[in-house]
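Peer 1:
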Amino acid sequence: MDFRQAQSRYRSTLDGGGDPQEVGKWIAETRAERLQAEGRMRALNRKHEMTMKEIEEMIPQMTEMVRVLGEADPTDKNDLYTQMGLALVYDPSERVVAVEAKPSMYQSVCPRGDLYQFPMICVAEDLLVG
């Protein structure tokens, strides 16, 4: 629901001679819905810090993933890395692999819109693995 449009319609109704008590009730309901929606968004966007127990439980799973990846066919690895949003570039002169991660949740557009002349960096920089 677009809360601004709804409130604008309610105000127009009021300006057009609508019942002030009824319109006031609609506006109050819309504000309450908006506050609930904002609360849900804040809860969804809240960062979750992992506990030590959660981290310890992940280690065996990650160890198994590393083992499976190590034994996987290179073509399968390439497909998997692509699905994960990873780009790997090997520099033979330096014997270094540059890894760039752009997972599906990566935001490639500046969240501030076109209001600012300079873009904001939204994701961590490249990771070098030697």
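With the first letter of the sequence shown counted as 1, position 33 gets the number 35 in our numbering; the numbers rise by one all the way through. Every residue gets a Cβ at the ideal spot worked out from N, C-alpha and C, and that includes glycine.
1. Once you ignore the five residues that flank residue 94 on each side, which residues in its own chain have a CB closer than 6 Å to its CB?
2. Just how far apart, CA to CA, sit residue 11 and residue 41?
3. Taking only the alpha-carbon atoms, compute the straight-line gap between residue 128 and residue 28 and give it to the nearest angstrom.
4. In the structure shown, what three-state DSSP assignment does residue 4 receive?
5. Under 7 Å Cβ to Cβ from residue 16, same chain only, skipping five residues before and after it: list those, please.
6. Where in the segment 76-112 do unbroken runs of the alpha helix (DSSP H), each at least 4 residues long, occur, reported from the N-terminal end onward?
7. Helix, strand or coil, according to DSSP, for residue 44 in the structure here?
8. Closer than 9 Å, CB to CB, is residue 42 near chain D or not?
Peer 2: Well, looking at it:
1. none
2. 24 Å
3. With a pLDDT of only 41 at residue 128, under the threshold of 50, the placement of this residue in the model should not be trusted; the figure read from the coordinates follows. The alpha-carbon atoms of residue 128 and residue 28 are separated by roughly 51 Å.
4. coil
5. 22, 25
6. 76-86
7. helix
8. Given the protein chain composition of this structure (a single chain), no chain D is represented.
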